[in-house]
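> Below is a structure I'd like to ask you about.
Numbering (our numbering), first residue to last: 1 to 437.
This is the structure:
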């Protein structure tokens, strides 16, 4: 196409040049030298144009390797709130905040495939007062066996609910268990992933990752580098069973997390911690507190009456925290070591072509050694059970409307007292409009 265009331009230029020749010269005849000079002049011009077209073609080739996607989630919440602490900062019993508009997420994702097997991903998140980097990593894919991938940078921790994108997830938020164990979902590190399905037709995926371990904790400036030198290690395996004749697919997997929480500072007098059995102890600076757990997961997909899926995950182990602000987990009480258990079970059902109904029950017990009326019980040890109901309407392939109702129920305790003598009134109804591209 480029050669044809160049030829047509050359022909038109030659005709134009011929028209510029004086009439007297035509009568006397045009010399061979003048025609040769004119042709050479236009050949040089079109050679320069050809070079510019080649440059443009190269630039366009680079641009086609960039994929841009993203989404905006605008939300309206109504709070069933009559307690002394509300879901919105500044809310109180005398002047409760009962509803609010806000921007839940606004993200844009850039994916650049520079060469075969090399991919760069950058995903910033926009808020009214700042811009955060959610994802920033490089992927090196195995060109030979097409089995292995190496991720380096900031990316999701390898668990099912964490890796399920917020733009595609059926529920407004992840379960309390996942939000507590994996704050901010991401971390800084490296991950090796092996997928044996493409090359060897073995439906098995393995993931092994090592992270700094403090992303999502404390202030942002403490998350850009490792603050204690210790690393967290994660491993996950998922096996898929496919029964196409029965319209059934089952994924079964499990993961392990192995890390520690190093005590970076102490107060004066020293802060007294409590262990898994609620016994007091005083750690020294440099001590490492236990932090590891194991999880099992299953997802069932069944093609019946438009399609449905059942998803569940269980995690149990030991979690720890310190009083150092740089290590503060927003959903876990500090200065303690606790044995915990948590799980969720969710049902997703398609209704026609444009609707989807969802329901989930999740439970998280941050201290399974103590119950509500046991001595030493604190608010940070109470178990929470949550029912979540939702309905999605897909306006088109880019826009959906989500309705959600969340009903948390806390473990009651007169020992803790206050609002926790009964179930706090903290239900939330949400309407979300999501536009993606």
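Beta carbons are placed, not taken as given, at the ideal position from N, Cα and C, and that holds for glycine.
1. Can you have a look at residue 263 and say buried or exposed, based on whether 16 or more other CB atoms are within 10 angstroms of its CB?
2. What residues in its chain sit with their C-beta under 8 Å from that of residue 145, if we drop five residues either side in the sequence?
3. Where does residue 308 sit, in a helix, a strand or coil, going by DSSP?
4. Suppose you measure from the CA of residue 115 to the CA of residue 192; what does that come to, to the nearest Å?
5. Just to confirm my understanding: we take residue 67, look at its own chain, exclude 5 residues before and 5 after, and list those with CB closer than 6 Å. What are they?
6. In whole angstroms, what is the alpha-carbon distance linking residue 108 and residue 134?
7. Bridge partners of residue 189, per DSSP?
8. Spell out a yes or no on whether the segment 242-252 and the segment 345-358 are touching, meaning 3 or more CB-CB pairs, one atom from each, closer than 8 Å.
9. I need the straight-line Cα distance from residue 388 to residue 229, nearest angstrom please.
10. So which of 403, 96 and 73 has the shortest CA-CA distance to residue 426?
11. Kindly indicate which three-state DSSP category residue 25 falls into: helix, strand or coil?
12. Name the DSSP beta bridge partners of residue 389, please?
13. Grouping DSSP H, G and I as helix and E and B as strand, with all else coil, what is residue 317?
14. Does the distance from the C-beta atom of residue 319 to that of residue 338 stay below 7 Å?
15. According to the neighbour-count rule (16 or more other Cβ atoms, all chains shown, within 10 Å of its Cβ), is residue 428 buried or exposed?
16. Taking the beta strand (DSSP E) that residue 298 belongs to, which residues open and close that run?
17. Looking at C-alpha atoms only, which residue of 287, 396, 141 and 176 is the closest neighbour of residue 364?
18. Within 10 angstroms of the Cβ of residue 25, are there 16 or more other Cβ atoms? Answer buried if so, exposed if not.
19. So which of 346, 224 and 236 has the shortest CA-CA distance to residue 173?
20. How many whole angstroms separate the CB atoms of residue 98 and residue 78, which I take to be in contact at a CB cut-off of 8 Å?
Taking the geometry as given:
1. So residue 263 ends up on the buried side.
2. Hits under 8 Å: 199.
3. It is a strand residue.
4. When rounded, the distance between both Cα atoms is 19 Å.
5. Cβ neighbours of residue 67 beyond the five flanking positions: 111.
6. C-alpha separation (whole angstroms): 10 Å.
7. Bridge partners of residue 189: 153 and 211.
8. Contact fails: fewer than three Cβ-Cβ distances are below 8 Å.
9. Those two C-alpha atoms are separated by around 39 Å.
10. Of the candidates 403, 96 and 73, the one whose C-alpha sits nearest the C-alpha of residue 426 is 96.
11. Its pLDDT being 44, under 50, residue 25 is placed unreliably by the model, and nothing is read from it.
12. Looking at the DSSP assignment, residue 389 forms a beta bridge with 359 and 405.
13. DSSP places residue 317 in strand when its eight states are reduced to three.
14. Yes. Within cutoff.
15. When all chains shown are included, residue 428 counts as buried.
16. Start and end: 288-302.
17. Comparing alpha-carbon positions, the option among 287, 396, 141 and 176 lying closest to residue 364 turns out to be 176.
18. For residue 25, the pLDDT reaches just 44, beneath the cut-off of 50, and the residue's location in the model is therefore unreliable, although a value from the coordinates is still provided. Classification of residue 25: exposed, given that the 10 Å Cβ count is below 16.
19. Selected option, being the one with the closest Cα: 346.
20. Going by Cβ atoms, the distance from residue 98 to residue 78 rounds to 7 Å, so yes, they are a contact pair.
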